[in-house]
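**Q**
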Amino acid sequence: MISFHDVSFKYIEKKEYILKNINLDIQKGETVLFLGKSGTGKSTILNIINGIIPNYLEGDLSGQVTLNGKNLTSSSIQELSKQIGSVFQNPKSQFFNLDTTDELLFGLSNHRANKEKMEQRLSTTISNLKIKNLVDRNIFQLSGGEKQKIAYSSVYMTDPDIIIFDEPSSNLDSDAIEDLRDLIERLKKEGKTILIAEHRIYYLMDYVDRIVYMDQGEIKEIMSAEQIINMSDEKRQAMGIRSPITPVLHDRFKFSNLGLNDNKKGDLSIKDFSYSHTYGKELWYIPELQCEKNEIIGILGKNGSGKTTLGYTISGILKGKGKMKLSSSNKSLKARHRRKLCSMIMQDVNHQLFLDTVLKELLFLAKKDDSLDKARKIAEKLDLLEYLEAHPLSLSGGQKQRIVIASAIMDGKKIIIFDEPTSGLDFDSMNNVSELIKNIAKDKIIFIISHDIEFVNKICTRVFFLDKGKKL
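491 is the number that the working numbering gives the last residue of the sequence shown; the numbers go up by one with no jumps.
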């Protein structure tokens, strides 16, 4: 169905080839998982198949790619969209409407489907994918996970033969991942060809037919799910592959609570903290939270429970209600004070990249004379050293995530809030981020908003759960 023959590709602004002599045949109805560390070319292969390369992303492409015997790279995006649907890591990059129902209908409308077909397909999609609670909503009032559901539901609406997923689980909670798993199972039963680039792989092991492992732009090995499951931890981790086993929250968090166990006053005190929507409904309420330096506090909860909103409120991006104080002062910190005290790393890191080189990004908020040496050391720990002169937006999602994390560390604020810091990160990068956060936590208070239980178990000292509309 899809065939790569001696395919190489180099982005126009890069010296090195991101793909080197790729030879691969994908059969109709196969589910193929692409694995490998960030920046090894997984997304590039998918972008060649869906036509983003060379139609939108320019570069030097050699070799031949065919779809059902036809030269794929000579086809337009419009032609390919009738056969291929794509779900990207950042769902906002593929939205065209403000209303969720309009977004669901957008693809069929572009294909000039009649009203009867559109209504029938909408009804089928809502029923099959269990998204009744997401129709007729403002897209920008949805959580990151809910946006991802709309993104893959929109693709399902158009009923393509080939469906591409690029890091589809990165913003999803455990329930939403189960829904995604159900979707993949349904697509497989419908005979669809499914191509997935993913780091969090445990939910896919029952469904993938082949696993293509990539390293430095080359296909190094083609494996089965059974081979990954039976692989030793040492070998798997050396390859940068995350666990194929469903993660469970560590026992040490079972009795975690909001206050400090001995009731002593923390370095940061949060009391009667709440946030309400513009129409008055309270999203969450925290009676008391005491935090100390060297703590890494996990904030868990389902998609839409208000975790990111809590991060925005603590950091002063949103005002909210209640009191937030430092132990060194009796004054309640207003939003403008919190903004000076806190640094928040957003889920969509593209909002926090402004300059034309990675090095400039790292130095932008730095204040000390040793900033250049510090930036290089942090870049080395996060595998960014070779990209210091690269444009941040030219890098992979995982690499951009690491740039923003490095920038926050360079900023040196007392409180750092990470919103899904492992989104799009491979095993090595997750470990490096974990160690770096542990090191900087010695004189800071860290909040981790995450659905990544493997990461939470590794790094957090305490966790609490947000439950929408309920007091904690």
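Heads up, the beta-carbon is just placed ideally off N, CA and C, and yes, glycines get one too. Computed from a predicted structure; not experimentally measured.
Tell me the rounded alpha-carbon separation between residue 400 and residue 455.
**A** Taking the sequence shown and counting its residues from 1, the one referred to as residue 400 is at position 381. Taking the sequence shown and counting its residues from 1, the one referred to as residue 455 is at position 436. Distance between the alpha carbons of residue 400 and residue 455: 8 Å.
**Q** Once you ignore the five residues that flank residue 184 on each side, which residues in its own chain have a CB closer than 6 Å to its CB?
**A** One-based indexing of the sequence shown puts residue 184 at position 165. Contacts found: 106 and 215.
**Q** From which residue to which residue does the alpha helix (DSSP H) around residue 412 run?
**A** In the sequence shown, the residue the question calls residue 412 occupies position 393. First-last for residue 412: undefined, no H or E at that position.
**Q** Alpha carbon to alpha carbon, how far is residue 434 from residue 358? Give it in angstroms, no decimals.
**A** Your numbering for residue 358 matches position 339 in the sequence shown. Your numbering for residue 434 matches position 415 in the sequence shown. In a straight line, the C-alpha of residue 358 is about 10 Å away from that of residue 434.
**Q** Check whether the Cβ atoms of residue 164 and residue 192 lie closer than 8 Å to each other.
**A** Position 145 of the sequence shown, counted from the first residue, corresponds to residue 164. Position 173 of the sequence shown, counted from the first residue, corresponds to residue 192. Cβ atoms of residue 164 and residue 192: closer than 8 Å.
**Q** What are the boundary residues of the alpha helix (DSSP H) that residue 79 is part of?
**A** Taking the sequence shown and counting its residues from 1, one reaches residue 79 at position 60. Run containing residue 79: none in the alpha helix (DSSP H); it sits in the beta strand (DSSP E), 78-86.
**Q** State yes or no: is the C-beta of residue 96 within less than 8 Å of the C-beta of residue 21?
**A** Against the sequence shown, residue 96 aligns to sequence position 77. Against the sequence shown, residue 21 aligns to sequence position 2. Residue 21 sits away from residue 96, with the two beta carbons spaced by 8 Å or more.
**Q** Output the residue ranges of the alpha helix (DSSP H) runs that lie fully inside the region 337-410 and measure 4 residues or longer, sorted by chain position.
**A** Along the length of the region 337-410, whole alpha helix (DSSP H) runs at least 4 residues long occupy 354-360, 377-382 and 390-400, reported in chain order.
**Q** According to DSSP, is residue 293 helix, strand or coil?
**A** As a position in the sequence shown, residue 293 is number 274, starting the count at 1. It is a strand residue.
**Q** How big is the Cα-Cα spacing for residue 421 and residue 139?
**A** As a working mapping, residue 421 is identified with position 402 in the sequence shown. As a working mapping, residue 139 is identified with position 120 in the sequence shown. If you take the alpha carbons of residue 421 and residue 139, they lie about 43 Å apart.
**Q** Once DSSP output is grouped into helix, strand and coil, what is the label at residue 9?
**A** Residue coverage of the chain in this structure runs from 20 to 491, which leaves residue 9 outside it and unanswerable.
**Q** Please report how far the alpha carbon of residue 113 lies from the alpha carbon of residue 170, in whole angstroms.
**A** Numbered from 1 along the sequence shown, position 94 holds the residue referred to as residue 113. Numbered from 1 along the sequence shown, position 151 holds the residue referred to as residue 170. Their Cα atoms are separated by approximately 7 Å.
**Q** From residue 394 to residue 472, what does the alpha carbon distance come to, in whole angstroms?
**A** Translated into the one-based positions of the sequence shown, residue 394 becomes position 375. Translated into the one-based positions of the sequence shown, residue 472 becomes position 453. Distance between the alpha carbons of residue 394 and residue 472: 29 Å.
**Q** Using 10 angstroms around the beta-carbon of residue 88, count the other beta-carbons present and answer buried if the total reaches 16, otherwise exposed.
**A** Here the question's residue 88 lines up with position 69 in the sequence shown. Residue 88 should be labelled exposed.
**Q** Are there 16 or more other CB atoms within 10 angstroms of the CB of residue 194, so buried, or fewer, so exposed?
**A** On the sequence shown, residue 194 is found 175 positions in, with the first residue counted as 1. Residue environment for residue 194: exposed (fewer than 16 other C-beta atoms within 10 angstroms of its C-beta).
**Q** Distance check for residue 425 and residue 60, CA to CA, integer angstroms please.
**A** Taking the sequence shown and counting its residues from 1, one reaches residue 60 at position 41. Taking the sequence shown and counting its residues from 1, one reaches residue 425 at position 406. Their Cα atoms are separated by approximately 23 Å.
**Q** Just to confirm before moving on: does the CB-CB distance between residue 119 and residue 145 stay below 8 Å?
**A** In the sequence shown, the residue the question calls residue 119 occupies position 100. In the sequence shown, the residue the question calls residue 145 occupies position 126. Contact flag unset, no.
**Q** Following the continuous alpha helix (DSSP H) through residue 66, name the residue where it begins and the one where it ends.
**A** Here residue 66 corresponds to residue number 47 of the sequence shown, with the count starting at 1. Where residue 66 is concerned, the enclosing alpha helix (DSSP H) stretches over 61-68.
**Q** Can you find the residues in the same chain that come closer than 7 Å, C-beta to C-beta, to residue 310, ignoring five residues on each side of it along the sequence?
**A** To locate residue 310, count along the sequence shown from 1; it is residue 291. Closer than 7 Å at the Cβ level, and outside the excluded window around residue 310, lie 285, 286, 287, 316 and 464.
**Q** If you draw a straight line from the C-alpha of residue 36 to the C-alpha of residue 173, how long is it?
**A** For the purposes of this step, residue 36 is taken as residue 17 along the sequence shown, with counting starting at 1. For the purposes of this step, residue 173 is taken as residue 154 along the sequence shown, with counting starting at 1. Taking the straight line from one Cα to the other gives about 33 Å.
**Q** Spatial neighbours of residue 332 within its chain, please: CB distance less than 6 Å, with the 5 preceding and 5 following residues excluded, ordered by chain position.
**A** Within the sequence shown, numbered from 1, the residue matching residue 332 stands at position 313. These residues qualify, in order along the chain: 294 and 339.
**Q** Between which residues of its own chain and residue 226 is the CB-CB distance below 7 Å, once the five residues before and five after are set aside?
**A** The residue you call residue 226 lines up with position 207 of the sequence shown. Closer than 7 Å at the Cβ level, and outside the excluded window around residue 226, lie 50, 203, 204 and 207.
**Q** The beta strand (DSSP E) spanning residue 261 covers which residue range?
**A** Here residue 261 refers to the residue found at position 242 when the sequence shown is read from its first residue. From DSSP, residue 261 is part of no beta strand (DSSP E); its letter is neither H nor E.
**Q** Would a C-beta distance cut-off of 8 Å place residue 324 and residue 180 closer than the cut-off?
**A** Residue mapping note: residue 324 aligns to position 305 of the sequence shown, counting from 1. Residue mapping note: residue 180 aligns to position 161 of the sequence shown, counting from 1. No, Cβ-Cβ distance for residue 324 and residue 180 is not below 8 Å.
**Q** In terms of alpha-carbon separation, which member of 125, 99, 98 and 182 lies closest to residue 48?
**A** On the sequence shown, position 29 is the one that residue 48 refers to. If you compare the alpha carbons of 125, 99, 98 and 182 with that of residue 48, the shortest gap goes to 182.
**Q** Which of helix, strand or coil does DSSP assign to residue 36?
**A** Here residue 36 refers to the residue found at position 17 when the sequence shown is read from its first residue. If DSSP states are grouped into helix, strand and coil, residue 36 belongs with coil.
**Q** Let's test the definition: count the other Cβ atoms within 10 Å of the Cβ of residue 451 and tell me whether it reaches 16, buried, or not, exposed.
**A** Working through the sequence shown from its first residue, we reach residue 451 at position 432. Buried is the call here.
**Q** Can you name, in chain order, every residue of its own chain whose Cβ lies under 7 Å from the Cβ of residue 321, other than the five neighbours on each side?
**A** Numbered from its first residue, the sequence shown carries residue 321 at position 302. Excluding residues within five positions, the ones whose Cβ falls inside 7 Å are 192 and 194.
**Q** Between residue 130 and residue 177, is the Cβ-Cβ spacing less than 8 Å?
**A** If you number the sequence shown from 1, residue 130 lands on position 111. If you number the sequence shown from 1, residue 177 lands on position 158. Residue 130 places its beta carbon less than 8 Å from that of residue 177.
**Q** Excluding five sequence neighbours on each side, which residues of the same chain lie with their C-beta closer than 6 Å to the C-beta of residue 337?
**A** The count along the sequence shown starts at 1 and reaches residue 337 at position 318. Only 331 meet the Cβ criterion.
**Q** Please return the same chain residues whose Cβ sits closer than 8 Å to the Cβ of residue 125, not counting the five positions on each side in sequence.
**A** The residue you call residue 125 lines up with position 106 of the sequence shown. Correct list, in chain order: 115, 116 and 173.
**Q** For residue 132, name the three-state secondary structure that DSSP assigns.
**A** Locating residue 132 in the sequence shown gives position 113, counting from the first residue. It is coil, neither helix nor strand.
**Q** By how many angstroms is the C-alpha of residue 101 removed from the C-alpha of residue 245?
**A** For the purposes of this step, residue 245 is taken as the residue at position 226 of the sequence shown. For the purposes of this step, residue 101 is taken as the residue at position 82 of the sequence shown. About 34 Å.
**Q** Since I believe residue 136 is in contact with residue 447 (beta carbons under 8 Å), could you give me their beta-carbon distance rounded to a whole number of angstroms?
**A** Locating residue 447 in the sequence shown gives position 428, where the first residue counts as 1. Locating residue 136 in the sequence shown gives position 117, where the first residue counts as 1. Not quite, the Cβ-Cβ distance comes to about 47 Å (not below 8 Å), so this is no contact.
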